[in-house]
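Residue numbers (the working numbering): -6 to 173. For reference, the structure discussed in these notes is given below.
Have a look at this one:
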């Protein structure tokens, strides 16, 4: 599943090679998308990607195959997750922040208002690698390569360039393991 959030459009792709569905905000001279809640690359208590058949191992090729991709280029959102909310992901999650505002000072000291490569919740396991790239914008809270209580079974990567992060950067997760 691919979610691209831009100042002028939101494109949602639900499966590989599917046709993009684009929603445009009409009538605004300089459109800005404001999401009062969170953005998830994965599902709500649902699986994204293909789990290996029983008795088979999850291969490196599958762990490095893009399954979810979230791109924020402008606008405002509370928290960004590459994974799901209590939903598992089988494959790589990618989060790219190119601009905009993530979080708010009211979320400081909480697990919200930041960026995660993984998912949210004990059952939000990413069976694959995560990649978080921040190259622009402002982030009020922490940046994590892993999840918020959601484990990553793979490698977590965080890259920060040309951006303001008002708190800390972690290669791992918040109360969540990252193991390869």
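C-beta: ideal position from N, C-alpha, C; glycine also.
Under the Cβ criterion (8 Å, minimum of three pairs), the segment 96 to 104 does not count as touching the segment 55 to 65. By the C-beta density criterion, residue 52 is exposed, having fewer than 16 other C-beta atoms within 10 angstroms. A distance below 6 Å between beta-carbons, with the five flanking residues on each side excluded, links residue 148 to the following residues of its chain, in chain order: 122, 173. Taken through DSSP and simplified to helix, strand or coil, residue 31 comes out as strand. For residue 56, there is no enclosing beta strand (DSSP E); the enclosing alpha helix (DSSP H) has its first and last residue at 53 to 56. With 16 or more other Cβ atoms from the protein chains shown falling within 10 Å of its own Cβ, residue 124 counts as buried.
The residue among 87, 76, 47, 72 with its C-alpha nearest the C-alpha of residue 97 is 72. Going by DSSP, residue 60 is part of the beta strand (DSSP E) stretching over 59 to 65. Straight across, the Cα-Cα distance linking residue 155 with residue 108 is about 16 Å. In this structure, the beta-carbon distance from residue 137 to residue 77 does not fall below 7 Å.
Residue 128 carries a strand assignment under DSSP once its states are collapsed to helix, strand and coil. DSSP places residue 99 in the helix class (H, G or I) of the three-state scheme. Looking at the backbone, the Cα of residue 146 and that of residue 57 are separated by about 12 Å. Ranked by Cα distance from residue 157, the first of 54, 47, 30, 92 is 92.
With a 10 Å radius around the Cβ and a threshold of 16 neighbouring Cβ atoms, residue 126 comes out buried. By the Cβ-count criterion, residue 49 is exposed, with fewer than 16 other Cβ atoms from all chains shown falling within 10 Å of its own Cβ.
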